[in-house]
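What follows is a short report on a single structure.
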Amino acid sequence: MVIRIIKNFFKRMISEIFSKKKNISLGFYGPPNAGKTSLANRICKDWTGEEIGTVSKIPHETRKVQFKEKVEIKYKENSLTFKLVDTPGIATKIDYEDFLKFKLRKKQAQARAKEATQGIIEAIKWLDDVDAVVVVLDSTENPYSQVNITIIGNLVARKIPVLVVANKIDMKKSDIKKIEAAFPEYDVIGISAKYGTNMEEFYESIFKLSKKVR
Amino acid sequence: MKDKKSGLTLQFIPFSQLSHLNSTERIKKLLKVIMANKIIVIQGRLKAEEETRLIEDTMVMVGSVKGFKGIELAVISPNPEDRTLGDKVKYFVANALVGQTDALTIIGPASAIKEMKKDPTKLEVMMSRKVFGYRQTFYTL
């Protein structure tokens with residue numbers, strides 16, 4: 001009887017450890033309009049056939065954290081299950097007047113600004129609940145922005161494994177080398193979430209990243 | 215008659231003024247200066263957790279303080295590759311003991327600073343047109 005209880009206890013422990021490693025909470029972080037939702041959508045469409053959220057040219061389209069549970073990704077003969085956590089873009093300033101340029105009415109712009117500030121707070125709070133993070137950067141923009149450095153610094157402090165993705169490589173202005181130079185300690189994968197370019201290499205990197213999850 | 219001239223104040227905060235404060239006190243002190251529409255130049259840099267805390271607190275204020283749009287924040291520090299092995303050891307020990315003091319952190323209200331552009335060699339701070347009577351001014355640190 002006692003032996004059976006001990007046996008079951010260890011069985012449960014091992015199965016819990018095993019299942020934790022196989023069900024990884026994967027966060028998508030980065031500045032606004034870098035393509036976090038586009039990438040999360042691409043992954044969801046590839047493996048579940050559904051999208052996670054809407055995308056737009058107007059910054060701060062994602063203003064609430066969005067999830068997709070149980071996304072099973074296969075690479076070669078292995079498979080892993082992820083909970084995808086798509087977060088609002090992190091910024092240090094929000095000015096509703098910036099949204100007026102996109103032909104939003106003043107009230108709409110003000111509401112969007114208010115929701116965007118709340119989204120940033122929510123995104124930061126979620127840093128405590130992700131196992132690994134994909135930092136999505138726009139490869140046509142200057143990567144040395146303090147927001148990027150702050151996000152990665154926080155992940156390092158929390159010992160959360162990081163993969164840096166240089167998105168929008170289909171654009172003429174794209175410069176992956178600049179991102180690699182800015183973050184030399186990290187693997188940088190160039191992709192186009194919009195066109196699905198280089199997604200095989202991305203999935204391979206996700207598997208490598210998942211091995212670092214504690 | 216009241217003088218209508220308005221200028222911009224840069225407030226330098228030496229590391230010694232922050233080193234004895236805990237994170238909450240540091241953020242509170244910085245926000246007080248930012249809300250007075252001043253630009254802060256800090257000797258050293260905040261911890262990564264303090265930077266996110268500052269962003270979080272700033273976002274709360276964007277929603278509650280009229281006219282406040284947030285902050286611009288940048289840190290400039292020497293390139294680690296330029297250090298010799300001896301310098302690296304010294305830097306590591308000093309960093310562990312007192313924190314990173316060889317960096318400069320610039321924080322200012324978004325209403326005063328339009329944009330900060332950074333690359334490995336320089337930091338450009340572009341002031342808001344409103345602050346300088348529709349003139350655009352560039353500072354290079």
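Protein chains in written order, with the working numbering: chain A, 1 to 214; chain B, 215 to 355. In this text, a Cβ means the ideal position worked out from N, Cα and C, and glycines have one as well. The structure presented is a predicted model; accordingly, all values stated were derived computationally and were not measured.
Task: Cβ of lysine 242 of chain B within 8 Å of any chain A Cβ - done: Output row for lysine 242 of chain B: interface = no.
Open item on the list: Would you say lysine 336 of chain B lies against chain A (beta-carbon separation less than 8 Å)?
Closed with: no
Task: Per DSSP, cross-strand counterpart(s) of proline 323 of chain B - done: B:Ile285
Task: Uninterrupted alpha helix (DSSP H) stretches inside the segment 81-121 of chain A (no shorter than 4 residues) - done: Correct list: 96-100.
- [ ] Determine the closest residue to serine 325 of chain B out of A:Arg105, A:Leu100, A:Tyr96 and A:Lys114, with distance taken between C-alpha atoms.
- [x] A:Tyr96
TODO: Check whether the Cβ atoms of valine 164 of chain A and isoleucine 151 of chain A sit closer than 8 Å, and answer yes or no.
DONE: no
- [ ] Indicate whether the contact test is met: 3 or more Cβ pairs, each with one atom in the segment 225-235 of chain B and one in the segment 196-205 of chain A, closer than 8 Å.
- [x] no
Open item on the list: Comparing C-alpha positions only, which one of B:Asp271, B:Leu287, B:Ile269 and B:Val276 sits nearest to isoleucine 327 of chain B?
Closed with: B:Leu287
Task: Neighbour-count burial assignment, leucine 235 of chain B, 16 or more Cβ in a 10 Å radius - done: exposed
- [ ] Would you mind sorting isoleucine 43 of chain A into buried or exposed? The rule is 16 or more other CB atoms within 10 Å of its CB.
- [x] By the Cβ-count criterion, isoleucine 43 of chain A is buried, with 16 or more other Cβ atoms from all chains shown falling within 10 Å of its own Cβ.
Task: Within 8 Å of chain A by C-beta, residues of the segment 273-289 of chain B in sequence order - done: Met273, Val274, Val276, Gly277, Lys283, Gly284, Ile285, Glu286, Leu287, Ala288 and Val289
Task: threonine 87 of chain A versus histidine 60 of chain A - alpha carbon distance - done: Using only the alpha carbons, I get a separation of about 10 Å.
Open item on the list: Need the endpoints of the beta strand (DSSP E) that methionine 340 of chain B sits in, please.
Closed with: 337-341
Task: Euclidean distance between Cα positions of glutamine 231 of chain B and lysine 57 of chain A - done: 43 Å
Task: Residue burial classification, lysine 242 of chain B (beta-carbon count within 10 angstroms, cutoff 16) - done: exposed
TODO: Give a yes or no on whether the C-beta atoms belonging to isoleucine 90 of chain A and threonine 117 of chain A are separated by under 8 Å.
DONE: no
TODO: For the segment 121-204 of chain A, list the alpha helix (DSSP H) runs that are entirely contained and at least 4 residues long, ordered along the chain.
DONE: 146-157 and 176-182
Task: glycine 27 of chain A in three-state terms, based on DSSP - done: strand
- [ ] Can you tell me which of the three DSSP states glycine 347 of chain B falls into?
- [x] Residue confidence for glycine 347 of chain B is low, a pLDDT of 49 falling below 50, so the modelled location carries little weight; the figure read from the coordinates is stated next. Coil.
Task: Any C-beta of chain A under 8 Å from that of lysine 252 of chain B - done: no
TODO: Using alpha carbons as the reference points, say which of A:Tyr195, A:Ile179 and A:Gly53 lies closest to alanine 166 of chain A.
DONE: That would be A:Ile179, whose Cα lies nearest to the Cα of alanine 166 of chain A.
Task: Amino acids of chain B, ordered along the chain, whose beta-carbon sits closer than 8 Å to that of asparagine 167 of chain A - done: Residues of chain B with a Cβ closer than 8 Å to the Cβ of asparagine 167 of chain A do not exist, since the nearest Cβ in that chain sits about 20 Å away.
Task: aspartate 95 of chain A: contacting residues in chain B (beta-carbon distance under 8 Å) - done: Against aspartate 95 of chain A, the close residues of chain B are Lys283, Gly284 and Ala324, in the order they occur along the chain (beta-carbon pairs closer than 8 Å).
- [ ] Check serine 79 of chain A in the structure and name its three-state DSSP category.
- [x] strand
Task: Expected contact under 8 Å - CB spacing of valine 215 of chain A and isoleucine 73 of chain A to nearest Å - done: With chain A covering 1 to 214 only, the question about residue 215 of chain A has no answer from this structure.
Open item on the list: I need the straight-line Cα distance from lysine 36 of chain A to threonine 54 of chain A, nearest angstrom please.
Closed with: 11 Å
TODO: Have a look at alanine 262 of chain B and lysine 159 of chain A and give me their C-alpha separation to the nearest angstrom.
DONE: 12 Å
Open item on the list: Helix, strand or coil for lysine 280 of chain B? Go by DSSP, reduced to three states.
Closed with: coil
Open item on the list: Does the CB of lysine 216 of chain B have a neighbour CB from chain A at under 8 Å?
Closed with: Confidence at lysine 216 of chain B is low in this model, with a pLDDT of 48, below 50, so its placement is unreliable and no value can be given for it.
Open item on the list: Looking only at its chain, what residues have a beta carbon closer than 7 Å to the beta carbon of tyrosine 195 of chain A, apart from the 5 residues adjacent to it on each side?
Closed with: Within the same chain, Asp170 come within 7 Å of tyrosine 195 of chain A by CB-CB distance, once the 5 residues on both sides are set aside.
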